[in-house]
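Chemist: For the sequence shown, the numbering used here begins at 2 and goes up steadily by one. Ideal Cβ placement from N, Cα and C applies to all residues, glycine included. A quick note: this is a predicted structure, and the numbers were derived from the prediction, not measured. If you scroll down you'll find the structure; I have some questions about it.
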Amino acid sequence: MDRKAYRLLPLAPALALFIIFFIIPSVDSIVSSMHTNDGTFVGLDQYVTVFSSPEFGTVFSNTLMVAICSTTIAMILSIVFSLALRGTFIGKRMSLFVFQLNSAFPHMSVAIMMVFLLATWGYISTICYNIGVIENFFDFPKLVKGDSWIGTIISFSWKFAPFIGLSIISVLQSTSAEHEAQAATLGVGPLKRFVHITLPTIMPALVSTSLICFAYAFGSYEVPSMLSNNSTMATYAYNRFNDPVYADISNQSYVYCNIILLVSAIASILYLIVSIPKKKRVVN
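Printed below as a string of structure tokens:
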């Protein structure tokens with residue numbers, strides 16, 4: 002066995018898991034999407050049917066909107082908190098702990114928190130009722146389990162912000178602030194320093210982690226199903242597959258799953274392009 006084979010040997014367990022839990026199910030999903038429920042091969046006919054249906058445009062736009070809004074808000078919050086936590090101050094360790102504490106919670110737990118916080122009978126509505134902002138609980142806007150995506154977006158943003166922020170903080174703390182200090186002595190304002198010095202420094206970490214968050218939000222099932230009555234790609238595919246009304250065409254759900262797979266694959270490729278330094282890509 003040559004050197005290259007020995008170098009690849011530690012990757013074998015991860016590669017085996019990747020093939021078993023990703024490649025094989027993905028291939029099975031693609032094959033199933035080209036067959037009807039009775040096993041008849043129809044090729045891309047089911048894709049044409051799905052793309053031409055009015056439901057697809059609504060579901061796809063919902064999913065894209067939730068993923069983009071959640072990731073964008075999380076990016077903004079992560080930058081703000083990272084810059085605030087960058088320096089040295091009393092209580093920094095506790096502040097960092099509180100900021101990253103949310104990263105340990107599963108997405109389902111955060112979604113449940115959103116229900117208790119934002120429901121018409123939740124904590125916020127109760128406070129508003131007690132201080133006289135609303136006359137009864139039905140006056141509180143239906144932010145969860147309704148037609149609004151606000152609860153879902155807040156849940157994703159709250160969960161993503163520490164994940165993105167921790168990467169940004171590590172970059173900021175590992176790089177010298179000398180260039181920013183020199184720019185400040187030359188009279189460069191805070192906004193220009195951020196745009197021309199800080200932002201380019203954190204951009205690789207910001208983009209790579211945001212792509213991961215976007216891919217997760219695009220393919221998530223549990224959070225949208227808990228916090229909204231509208232459908233995303235994942236919730237629509239799952240519910241349609243299990244609905245007896247669509248038993249004869251349930252294989253069309255694989256089309257939705259494959260679209261999620263395609264978007265996730267594109268996000269993964271972009272992540273690799275951003276995360277791997279240009280010099281290393283050239284060498285490899």
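1. According to DSSP, simplified to helix, strand and coil, what is S251?
2. Quick one: is F100 buried, meaning 16 or more other Cβ sit within 10 Å of its Cβ, or exposed?
3. Under three-state DSSP, which class holds G147?
4. Hey, how far is the Cα of C70 from the Cα of I270?
5. State buried or exposed for N1, treating a residue as buried only when at least 16 other CB atoms are found within 10 Å of its CB.
6. So the candidates are V81, V116 and A182; which of them puts its Cα closest to the Cα of A162?
7. With a cut-off of 7 Å, does the C-beta of S175 fall near any C-beta of chain C?
8. Would DSSP call F42 helix, strand or coil?
9. Closest to I77 by C-alpha separation, out of T210, G220, V275 and I267, would be which residue?
10. Determine, using beta-carbon pairs with one atom in the segment 187-194 and one in the segment 102-115, whether at least three such pairs fall under 8 Å.
11. Using the rule of at least 16 other Cβ atoms within 10 Å of the residue's Cβ for burial, across every protein chain shown, is K160 buried or exposed?
12. What is the C-beta distance between S83 and F164, in whole angstroms, given that I count them as a contact (C-beta under 8 Å)?
13. Among residues of its own chain, excluding the 5 on either side of A182, which ones have a beta-carbon nearer than 6 Å to its beta-carbon?
14. Since A218 and A85 are thought to touch, with beta carbons under 8 Å apart, how far apart are those beta carbons, to the nearest angstrom?
15. Which one or two residues does DSSP pair with S229 in a beta bridge?
16. Please report how far the alpha carbon of V284 lies from the alpha carbon of I267, in whole angstroms.
17. Do the CB positions of S265 and G220 come within less than 7 Å of each other?
18. I'd like to confirm the pairing. Which residues does DSSP put opposite H36 in its beta bridges?
19. Return the CA-CA distance between I203 and N131, expressed in angstroms with no decimal places.
Modeler: Well, looking at it:
1. The answer is helix: DSSP assigns S251 an H, G or I state.
2. buried
3. strand
4. 21 Å
5. Residue coverage of the chain in this structure runs from 2 to 285, which leaves residue 1 outside it and unanswerable.
6. V81
7. This model lacks chain C altogether, as it is built from one protein chain only.
8. strand
9. T210
10. Contact between the segment 187-194 and the segment 102-115 is absent, because fewer than three Cβ pairs lie under 8 Å.
11. buried
12. The pair is not a contact, with the Cβ atoms about 12 Å apart (cut-off 8 Å).
13. none
14. So it is not a contact: roughly 25 Å between Cβ atoms.
15. G147
16. Here the model assigns V284 a pLDDT of 44, short of 50, so the residue's position is not dependable and the matter cannot be decided.
17. For S265 and G220, yes; Cβs fall inside 7 Å.
18. F42
19. 44 Å
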